[in-house]
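Number of protein chains: 2
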Amino acid sequence: MSSIAVIQRTFAVLEAVAASGSASAKEVAHRLEIPLPSVYRLLQELVEHGYLVHLKEQRCFELGPKCFDLGLSFRQRLVAPSAIRQATDELHRQVQAASYFAVYRGSDIVLTHLSDCTAHPRLRPLRFGFHEAAHATAFGKILLAGMPAEQRDSYLAARGMPVLTPHTMTNRHQLDAQLHAVAVRGVAWEHEEFLPQKTCAAVPVRNGSGIQVGAMAVSMPSQEAAGREREIEAVLREYAGRCSRYLRSGHPVTAA
Amino acid sequence: MSSIAVIQRTFAVLEAVAASGSASAKEVAHRLEIPLPSVYRLLQELVEHGYLVHLKEQRCFELGPKCFDLGLSFRQRLVAPSAIRQATDELHRQVQAASYFAVYRGSDIVLTHLSDCTAHPRLRPLRFGFHEAAHATAFGKILLAGMPAEQRDSYLAARGMPVLTPHTMTNRHQLDAQLHAVAVRGVAWEHEEFLPQKTCAAVPVRNGSGIQVGAMAVSMPSQEAAGREREIEAVLREYAGRCSRYLRSGHPVTAA
DNA sequence: GGCGGCTTCTCGCCTGACGAGAAACGGAAA
DNA sequence: TTTCCGTTTCTCGTCAGGCGAGAAGCCGCC
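Residue numbers (my numbering), protein chains in the order written: chain A, 1 to 256; chain B, 257 to 512.
Quick look at the structure:
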């Protein structure tokens, strides 16, 4: 693990401030065990570049505008293209359930759009950004199933399979078997494995080369899902198909 | 302007990637005129710390998870406390207009909560985060009026007074006169100075020591505002008063 | 298999970051 | 006002460690 010391320290300081929300130079120096003058140098540097601000009244440092800008750039880069957001929104309206779109990013899984409303709220822990509980969500399973075996191994090894509900799958062999079935059927269901009383379904989205690049999903209270499985799968496939066709052609697809 | 060279370069690289959305090492090296091996060192460093990711398939670098985390930390730190968000939401419902809450942050102005809906949408350019057009918005005027004179000078000097509509105030003396009136009356109006056809109003919010710390505002189509000025000012004052009382006592205030 | 690009590694030089210490600053209390 | 205390900035000699030219390694592509 190489590391240019200054950079190492600079980010350590930045992250220390981010973690505290607000920290004085002394606190940072103490927490990181870096001599005070060095901490001041680095803090000043970070302030100069706009990553921190120095609130003199309160004698403390906090995150600066550049941090927000980075977050925005990140979001703008990753957010699903508008044709796909639109498809997700329509799926939401048609199924009357919160809808999601997620993709691969390097070796991560990122939720790049979600559509919900007060009547059909999203599953609270799910939000735009990185998704860490792939073993327990429908779109996570779809995307895990689409990974090369070794990437899946390292993905799960890095994150483990935390228990989220009594139904969460925690046995790797059992998960592998289900992922195989998911890959064959082209649809993943998840019943109360992520949140109690909630059910999710997901299907793959492919790019122009037929490579699986993402997943479309819906979530709803389990009782609302009962008996609607065939209908939900059909609608999911319809909208995922629109997304795949969009990715192939570059033009929004409005109807079947 | 001091500057530790490595840090300077590291952030230059990070920002170059952020600006491009996606960039190869060579592109960065060329754009920043830094020798290629150094760029690789810095990129690798940024990848190691999670600020960038290396997408090998596409032979390029993009922003990494830490950027998103920083954005989230920033947001969580700045977002208005829930009592104030709630007051803003109620204001929105009662006035039937998009509502805003903004505060000082060091020498900046930050919009820390907004409440809107499809029937009463926010003014599109306004979103959570830093606000740059204080001379042209109602809450901007309230907050400018509450600044010490020299801070206001440097604020306006740094940002200028861009023309946004035919009604935008561009004369500094005229603005100062209006800010004086705003400070005396304790309310600011803005008629089509920020966006055509839109009108905004704002009033100050004070902390326990009586210091002005923020502003509450509403925006609406100009025709809807006509004739409702007194009502709007009264309701704004009511909710801003709740916020001020909350800041004084630390307890949410539900009724007058 | 060979080519052409991106990416990583090697190595000696010398810059420029480091940290102890002390001084300057500024707010709070008396 | 003066005093005091904690925070912040500055100074300076030392030497770690970052620098960049160059070359080698790696991969995908033709």
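Even glycine gets a Cβ: it sits at the ideal position worked out from N, Cα and C.
If you measure from the beta carbon of residue i to each beta carbon in chain B, is any gap under 8 angstroms?
i, result
"A:T118", "no"
"A:S222", "no"
"A:T10", "yes"
"A:G140", "no"
"A:R159", "no"
"A:I16", "The question names Ile, but residue 16 of chain A is Ala in the sequence shown. By this cut-off, A:A16 is not an interface position."
"A:R59", "no"
"A:R41", "yes"
"A:I7", "yes"
What's the C-alpha gap between residue i and residue j?
i, j, result
"B:L334", "A:P35", "29 angstroms"
"A:V187", "A:M216", "10 angstroms"
"A:L195", "A:H135", "13 angstroms"
"A:C243", "B:K454", "37 angstroms"
"A:A83", "A:Y239", "11 angstroms"
"A:H30", "A:E45", "19 angstroms"
"A:W189", "A:I232", "11 angstroms"
"B:G470", "A:L236", "46 angstroms"
"B:F395", "B:C456", "8 angstroms"
"A:K26", "A:C60", "9 angstroms"
"A:G208", "A:S249", "7 angstroms"
"B:S329", "B:E485", "38 angstroms"
"B:E480", "A:V182", "54 angstroms"
"A:S99", "A:R93", "9 angstroms"
"B:A358", "A:L114", "27 angstroms"
"B:G327", "B:H429", "37 angstroms"
"B:E318", "B:Q264", "19 angstroms"
"B:G466", "B:Y502", "12 angstroms"
"A:A87", "B:C373", "21 angstroms"
"A:Y40", "A:A19", "18 angstroms"
"A:A256", "A:P81", "Below a pLDDT of 50, predicted positions are generally treated as unreliable, and A:A256, at 47, falls in that range; the measurement from the model is reported next regardless. Distance between the alpha carbons of A:A256 and A:P81: 20 angstroms."
"A:T10", "B:A279", "23 angstroms"
"B:R299", "A:D108", "Looking at the sequence itself, residue 299 of chain B is Leu, so the reference to Arg does not match. The straight-line gap from Cα to Cα measures roughly 19 angstroms."
Nearest chain A C-beta to residue i closer than 8 angstroms, yes or no?
i, result
"B:H305", "yes"
"B:L311", "yes"
"B:G327", "yes"
"B:C323", "yes"
"B:N260", "One point to set straight first is that residue 260 of chain B is Ile, not Asn, in the sequence displayed. Yes, B:I260 lies at the interface with chain A (some Cβ there is under 8 angstroms from its Cβ)."
"B:I340", "no"
"B:G277", "yes"
"B:I290", "no"
"B:I467", "no"
"B:Q434", "no"
"B:R333", "yes"
"B:F357", "no"
"B:F330", "yes"
"B:R408", "no"
"B:E318", "yes"
"B:R349", "no"
"B:E301", "yes"
"B:R287", "no"
By the DSSP assignment, the alpha helix (DSSP H) with residue i in it spans what residues?
i, result
"A:F101", "Per DSSP, A:F101 belongs to no alpha helix (DSSP H); it is in the beta strand (DSSP E), A98 to R105."
"A:D176", "R172 to R185"
"B:A458", "Looking at the DSSP string, B:A458 is not in any alpha helix (DSSP H); the run it does join, the beta strand (DSSP E), is K454 to R462."
"A:A16", "A5 to S20"
"B:W487", "Here the sequence assigns Glu to residue 487 of chain B, which means Trp is not the residue at that position. Unbroken alpha helix (DSSP H) run through B:E487: E485 to S505."
"B:I398", "A394 to A401"
"A:S154", "A149 to R159"
"A:G29", "A small correction: the amino acid at residue 29 of chain A is Ala; Gly does not occupy that position in the sequence shown. Element bounds for A:A29: A25 to L32."
Under DSSP, the beta strand (DSSP E) around residue i begins and ends at which residues?
i, result
"A:L111", "D108 to S115"
"B:V474", "Q468 to P477"
"A:H191", "A188 to H191"
### Inside the segment 300 to 348 of chain B only - beta strand (DSSP E) runs reaching at least 3 residues
308 to 311 and 316 to 319
### Query
Closer than 8 angstroms, Cβ to any Cβ of chain A: which residues of the segment 362 to 389 of chain B, in chain order?
So the close ones are G362, D364, G385 and F386.
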